[in-house]
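A quick write-up on the structure given underneath.
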Amino acid sequence: MLCVSPLHEGKHEQIDAATSAIEKSPSNVHLRLARAEVYLQHKELQACTDDLDFALTMAQQSGTMVWLRARLDFAQQHFDASLQYTDQFLSTKLDAQSRNSALVLRAQCLTALSKNELAVAAWTLAIQENPRALPDWYLERAALQSPADAIQGLDQGIQRLGFVVSLLLRAGEYEEQLGRIDAALARIQKLADQSPRKETWLKLQGELLLRADQNERAIKRFTQARDSWLQLSEKRRRTPSMERLLVEIERGLTKGQEKLARKQND
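See the structure below:
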């Protein structure tokens, strides 16, 4: 069977190698499926379809064909069909890696189909069964849940994976939605405590406090962020990202001062 690795060869080299092998053995189903896999990896979906359809004319449908079809249909946004093939694949005896991959695709299909309750259950199963669950899976599930349930699920991810920035920030967003401003601030503070530089996290806290109309606290955070920024080396301060950060800090500080002044004048 032809073996191609996207990590070691470029797209054209992979396809050329697969095509050369097929020319020598045009009726070899395994070679057709190998090239179809390469086409799918590189988003050449019609070419993948052609090779898969040809393979189906040469041999009975196999687990490899079903799994390829499931992923091809998903790439083509045929989510109902992809779900059906994924369920068919999952009904067979699979090794752990194949099952884990299929569980994730099933959750993605249900999410794309807006079957939220089923998708939440599918993401939960994929997370539970996979020893290397990704932060994005927790985020996908959280987006389908109520803020309270989302926070609980994200905290499970944080407990399992550690202080992942995306999980902590998203949990903070849900805390804010529930009006739990101090809890949201605490999420950002955990990130600040893990970072040698504080200015970005102080700015985020300032913006959060501005949205909550806690203007005096916001001003304090923006002032701290500016002070932290000024402690950077001149070379570091002159980088585009740091210059943009200062602009955002100064803008937030000005806005907080204006809001506070208006409130005091009312």
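Numbering-wise, my numbering puts 212 at position 123 of the sequence shown, and it's gapless, one number per residue. C-beta atoms are modelled at their ideal positions from N, C-alpha and C, and glycine is treated no differently.
Select from R315, D316, E296, R327 the residue whose C-alpha is nearest the C-alpha of K348.
-> The residue given as residue 348 occupies position 259 in the sequence shown. Comparing alpha carbon positions, the residue from R315, D316, E296, R327 closest to K348 is E296.
Is DSSP giving T153 helix, strand or coil here?
-> Residue mapping note: residue 153 aligns to position 64 of the sequence shown, counting from 1. DSSP places T153 in helix when its eight states are reduced to three.
V118 (DSSP reduced to helix, strand or coil) | As a position in the sequence shown, residue 118 is number 29, starting the count at 1. In the structure shown, V118 sits in a helix (DSSP, three-state: H, G or I).
Host alpha helix (DSSP H) of V209 (start-end) = For the purposes of this step, residue 209 is taken as residue 120 along the sequence shown, with counting starting at 1. Taken as a continuous stretch (DSSP letters only), the alpha helix (DSSP H) holding V209 covers 205-218.
Less than 7 Å separating the beta-carbons of A211 and R195?
-> Position 122 of the sequence shown, counted from the start, is the residue given in the question as residue 211. Position 106 of the sequence shown, counted from the start, is the residue given in the question as residue 195. Judged by their CB atoms, A211 and R195 are nearer to each other than the 7 Å cut-off.
Look at L319 and R306 and say whether their C-beta atoms are less than 7 Å apart.
-> Position 230 of the sequence shown, counting from 1, holds the residue named residue 319. Position 217 of the sequence shown, counting from 1, holds the residue named residue 306. Contact: no.
Of the residues D271, L291, I270, which one's Cα is nearest the Cα of L280?
-> The sequence position of residue 280 within the sequence shown is 191, counting from 1. Checked all of D271, L291, I270; the closest Cα to L280 is L291.
Going straight from the alpha carbon of W226 to that of D139, what length do you get?
-> Locating residue 226 in the sequence shown gives position 137, where the first residue counts as 1. Locating residue 139 in the sequence shown gives position 50, where the first residue counts as 1. Note on geometry: alpha-carbon atoms of W226 and D139 lie some 32 Å from one another.
Quick one: Cα of R160 to Cα of A191, how far?
-> The residue you call residue 160 lines up with position 71 of the sequence shown. The residue you call residue 191 lines up with position 102 of the sequence shown. In a straight line, the C-alpha of R160 is about 9 Å away from that of A191.
Rounded to whole angstroms, what's the CA-CA distance from L228 to Q278? Just pull it up for me.
-> Walking along the sequence shown from the start, residue 228 turns up at place 139. Walking along the sequence shown from the start, residue 278 turns up at place 189. Near 20 Å, if we compare the C-alpha coordinates of Q278 and L228.
What separation, rounded to the nearest whole angstrom, lies between the Cα atoms of Y174 and A222?
-> In the sequence shown, residue 174 corresponds to position 85, counting from 1. In the sequence shown, residue 222 corresponds to position 133, counting from 1. Going from the Cα of Y174 to the Cα of A222 covers about 23 Å.
Taking the continuous alpha helix (DSSP H) assigned at K348, which residues delimit it?
-> As a first step, residue 348 must be located in the sequence shown, where it is residue number 259. K348 -> alpha helix (DSSP H) spans 329-354.
Alpha-carbon spacing of A170 relative to G341, whole angstroms = Within the sequence shown, numbered from 1, the residue matching residue 170 stands at position 81. Within the sequence shown, numbered from 1, the residue matching residue 341 stands at position 252. Between A170 and G341, the C-alpha separation is close to 49 Å.
Alpha carbon of K344 to alpha carbon of L267, nearest angstrom | In the sequence shown, residue 344 corresponds to position 255, counting from 1. In the sequence shown, residue 267 corresponds to position 178, counting from 1. Whole-angstrom Cα-Cα distance: 24 Å.
Rounded Cβ spacing between E288 and A260 (contact assumed at less than 8 Å) = The residue given as residue 288 occupies position 199 in the sequence shown. The residue given as residue 260 occupies position 171 in the sequence shown. So it is not a contact: roughly 22 Å between Cβ atoms.
Proximal residues to N205 (C-beta, below 6 Å), its chain only, five neighbours per side dropped = Taking the sequence shown and counting its residues from 1, one reaches residue 205 at position 116. Only L233 meet the Cβ criterion.
Answer yes or no: do T181 and G152 have a C-beta to C-beta separation smaller than 7 Å?
-> Counting from one through the sequence shown, the residue named residue 181 turns up at place 92. Counting from one through the sequence shown, the residue named residue 152 turns up at place 63. Yes, these two residues count as a Cβ contact at 7 Å.
Between L129 and C137, what straight-line distance do the alpha-carbon atoms span, to the nearest angstrom?
-> Residue numbering aside, residue 129 sits at position 40 when the sequence shown is read from its first letter. Residue numbering aside, residue 137 sits at position 48 when the sequence shown is read from its first letter. Rounded to whole angstroms, L129 to C137 spans 6 Å at the Cα level.
For E265, the nearest candidate out of F178, D316, A350, P236 (CA to CA) = Against the sequence shown, residue 265 aligns to sequence position 176. Closest option to E265, Cα to Cα, is P236.
Please state whether DSSP places K132 in a helix, a strand or coil.
-> For the purposes of this step, residue 132 is taken as residue 43 along the sequence shown, with counting starting at 1. Residue state, collapsed to three classes: coil.
Ends of the alpha helix (DSSP H) at L293?
-> On the sequence shown, position 204 is the one that residue 293 refers to. Boundaries of the alpha helix (DSSP H) harbouring L293: 288-300, taken from the DSSP string.
Could you tell me if F252 is buried or exposed, where buried requires 16 or more neighbouring beta carbons within 10 angstroms of its beta carbon?
-> Against the sequence shown, residue 252 aligns to sequence position 163. A residue is called buried when at least 16 other Cβ atoms come within 10 angstroms of its Cβ; F252 does not meet this threshold and is exposed.
Compare the beta carbon distance of L172 and C198 with 7 Å and say whether it is the shorter of the two.
-> One-based indexing of the sequence shown puts residue 172 at position 83. One-based indexing of the sequence shown puts residue 198 at position 109. Their beta carbons are under 7 Å apart, which means L172 touches C198 by this criterion.
Report the rounded CA-to-CA distance for H167 versus A239, giving the unit in angstroms.
-> Along the sequence shown, read from residue 1 onward, the residue named residue 167 stands at position 78. Along the sequence shown, read from residue 1 onward, the residue named residue 239 stands at position 150. Answer to the nearest angstrom: the Cα atoms are 28 Å apart.
Could you tell me the boundaries of the alpha helix (DSSP H) in which S187 lies?
-> Position 98 of the sequence shown, counted from the start, is the residue given in the question as residue 187. Bounds of the alpha helix (DSSP H) holding S187 are 185-201.
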